[in-house]
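Take 1192 as the starting number for the sequence shown in this note's numbering and just add one per residue. Backbone N, C-alpha and C define an ideal beta-carbon position, used for all residues, glycine too.
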Amino acid sequence: MQRPYRGIWPVVPTPFTADGALDLEGQKHVLDCMIEQGVDGICILANYSEQFLLSDEERDILTRLCLEHVGGRVPTIVTCSHFSTGIVVERTKRAKELGAAMIMLMPPYHGATLKGSSDGIREQFARAGDVGLPIMVQDAPLAGVDMSVDLLVRLAREISAVRYFKIETAMAANKLRALIAEGGDVIEGPFDGEEGITLMADLEAGATGSMTSALLPDLIRPIIQSFAAGDHASAASQYAR
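Shown next, in the form of structure tokens:
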């Protein structure tokens, strides 16, 4: 049985040339730089990766390039969020085909008013889960969708693929604590986000990983490691630096 994913999983930025084209050689350098910093895994095509600027063709190019260049050196999460369930499923199939370890999904939304219902969210996540990759639920304010603890636990209990959760709402520690308490063993990977601003509070609440930007993964990883080893004083000291 595979051990649960833990630690620091930063989001990979997408470099562009001066005229707005994808900088593919630069992308390879970015990936190498992040891996050389000792990250536990990475996430591509997320919000920090400028996913909303990418055409479908550019997205496909980056999915292939990133997964092939990483080449299994670290596990890679591919963000597959979209309002259309059919598109989510196709993106998930593509990610699996190219060797992704997991996908990440925000709840379906489009603009400020089109938002999936609880049942609609469950349906989309279930269909993505049928593809056969683990799913990280991204609970982000950007979507404007209220992902209650009850809904998150329902997803985990009813969809075997849903085991990881990136909580980046206000008062994330409170939500993480409630999620872990209510969900128990089905909450395999509670992560925080938002640049690790509330990292210590989130670790104390039970987070076992963090998904930040690419800014400081080499400094955040030892904090998480120290905390996981029970040396909370060292973790707090490193965080305060």
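DSSP-derived helix/strand/coil call for residue i
i, result
"G1380", "strand"
"C1234", "strand"
"L1289", "coil"
"F1207", "strand"
"S1417", "helix"
"S1308", "coil"
"M1402", "coil"
"H1301", "strand"
"L1407", "coil"
"V1322", "coil"
"V1336", "coil"
Element boundaries [beta strand (DSSP E), containing residue i]
i, result
"F1243", "Careful: F1243 lies outside any beta strand (DSSP E) and carries neither H nor E."
"D1330", "I1326 to D1330"
"V1353", "V1353 to I1358"
"T1270", "T1267 to T1270"
Distance between beta carbons of residue j and residue i, contact taken as under 8 Å
i, j, result
"G1320", "I1278", "Rounded, the Cβ-Cβ distance is 16 Å, inconsistent with contact."
"I1294", "V1269", "5 Å"
"P1206", "D1214", "4 Å"
"S1226", "V1265", "The question names Ser, but residue 1226 in the sequence shown is Ile. 6 Å between Cβ atoms; contact."
"G1290", "P1299", "No, G1290 and P1299 are not in contact; Cβ-Cβ is about 26 Å, not under 8 Å."
"T1389", "P1201", "At roughly 16 Å, the Cβ-Cβ gap does not stay under 8 Å, so T1389 and P1201 are not in contact."
"V1336", "K1306", "5 Å"
"E1314", "T1276", "7 Å"
"M1391", "A1420", "Not quite, the Cβ-Cβ distance comes to about 15 Å (not below 8 Å), so this is no contact."
"Q1329", "M1297", "5 Å"
"C1271", "L1222", "Their Cβ separation, rounded to whole angstroms, is 19 Å, which puts C1271 and L1222 out of contact at 8 Å."
"A1347", "V1377", "4 Å"
Start-to-end residues for the alpha helix (DSSP H) that takes in residue i
i, result
"D1393", "L1390 to A1396"
"R1368", "A1363 to G1374"
"R1194", "R1194 -> no alpha helix (DSSP H), and no H or E assigned at all."
"V1344", "V1340 to E1349"
"Q1429", "H1423 to A1431"
"E1248", "D1247 to V1261"
"E1386", "Taken as a continuous stretch (DSSP letters only), E1386 belongs to no alpha helix (DSSP H), as it is neither H nor E."
"Q1218", "L1215 to E1227"
Inset, instruction - Determine contact between the stretch 1380-1394 and the stretch 1346-1356, defined as no fewer than three beta-carbon pairs at a distance below 8 Å. - result: yes
Inset, instruction - Would you be able to state if there are at least three C-beta pairs under 8 Å between the stretch 1403-1410 and the stretch 1217-1236? - result: yes
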